[in-house]
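A.B. asks: Before anything else, here's the structure in question.
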Amino acid sequence: MKSVLYIKNMVCPRCIMAVQGILDKMGISYTTVNLGEIVLKEELMGEIREDLNDRLEKFGFTIINDRKGQLIEQMKNLVIANVHHSNEGKDIVWADLISNELKLDFKYLSSLFSSVESITFEQYVINQKIERSKELLVYDELTLTEIAYQLNYSSVAYLSSQFKKVTGMTPTQFRKSVVKNRKSLDDV
């Protein structure tokens, strides 16, 4: 019987590869490994589950056992996948995306997110978009207009306004600065 494990702090393709390596080394059969989620071919019990969790924790991951924590991690992973791992300028309606994927009312999910994470879901999305824009600014391959389009901002001015509100400097100042104050995705 298939079983799904939700994993905290899986934020990139390397995280997926690290988790797959752990599963392979332990001989645990799985169907898929995605951001924040492992679909196992059969349920893990007792010592094997504890051993897996111990090995995951050495890499900074954790099995999430409570339903609310799983929902919040799924919300975060949907944002990360759409902001950091997609190069299209998508017109995303976050409330629709989240409620359709998780099959729950967005107001409930947003309230749950805020109560546990101490920031609103909307602020989390903004923080992720700003981190992605920092990454793109550091690469120095795209113009500010292209970055605004890619991150679905209505204008460069709107991106610049949010960027300054979050970082204290404009995107241009950030690009010119010597110190690039980037955070790892799981710290955002």
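Using this note's numbering, read the sequence shown as starting at 2 and increasing by one per residue.
Just so it is clear, CB atoms sit at the ideal spot from N, CA and C, and this is done for glycine as well.
#1: Under three-state DSSP, which class holds S134?
#2: What is the rounded straight-line gap between the Cα of Q129 and the Cα of T144?
#3: So what's T171 in DSSP terms, helix, strand or just coil?
#4: Which one of M76, H85 and Y125 has the shortest CA to CA distance from K106?
#5: Could you give the DSSP three-state label for I120: helix, strand or coil?
#6: Label G37 either buried or exposed according to how many other C-beta atoms from any shown protein chain fall within 10 Å of its C-beta, with 16 as the threshold for buried.
#7: Report the start-end ranges of each beta strand (DSSP E) in the stretch 45 to 106 that is 3 residues or longer and not cut off at the edges.
#8: Measuring straight from C-alpha to C-alpha, what distance separates H85 and V157?
#9: Whose C-alpha, out of T32, F122 and T171, is nearest the C-alpha of N78?
#10: Taking the alpha helix (DSSP H) that K9 falls in, what are its first and last residues?
#11: Determine the direct distance from the alpha carbon of Y7 to that of W95, and round the result to whole angstroms.
#12: From which residue to which residue does the alpha helix (DSSP H) around L145 run?
#13: Take the Cβ of R15 as the centre, count every other Cβ of all protein chains shown within 10 Å, and call the residue buried at 16 or more, exposed below.
#14: Do the stretch 144 to 155 and the stretch 98 to 117 make contact, defined as three or more Cβ pairs closer than 8 angstroms?
#15: Between the alpha carbons of I120 and V126, how many angstroms are there, rounded?
#16: Which residues in the same chain as S111 place their Cβ atom closer than 6 angstroms to its Cβ, once the five residues preceding and following it in sequence are excluded?
#17: Roughly how many whole angstroms lie between the Cα atoms of R68 and D97?
#18: Span of the beta strand (DSSP E) holding V12?
C.D. replies: The structure says:
#1: helix
#2: 19 angstroms
#3: Of the three classes helix, strand and coil, the one that applies to T171 here is coil, per DSSP.
#4: It should be pointed out that residue 106 corresponds to Asp in this sequence rather than to Lys. Ranking M76, H85 and Y125 by Cα distance to D106 puts M76 first.
#5: Correct three-state label for I120: coil.
#6: Answer is buried; the Cβ neighbour count reaches 16.
#7: 63 to 65
#8: 19 angstroms
#9: In terms of CA proximity to N78, F122 leads the group T32, F122 and T171.
#10: Run containing K9: none in the alpha helix (DSSP H); it sits in the beta strand (DSSP E), S4 to K9.
#11: 21 angstroms
#12: L145 to Q151
#13: exposed
#14: no
#15: 10 angstroms
#16: Hits under 6 angstroms: F122.
#17: 21 angstroms
#18: From DSSP, V12 is part of no beta strand (DSSP E); its letter is neither H nor E.
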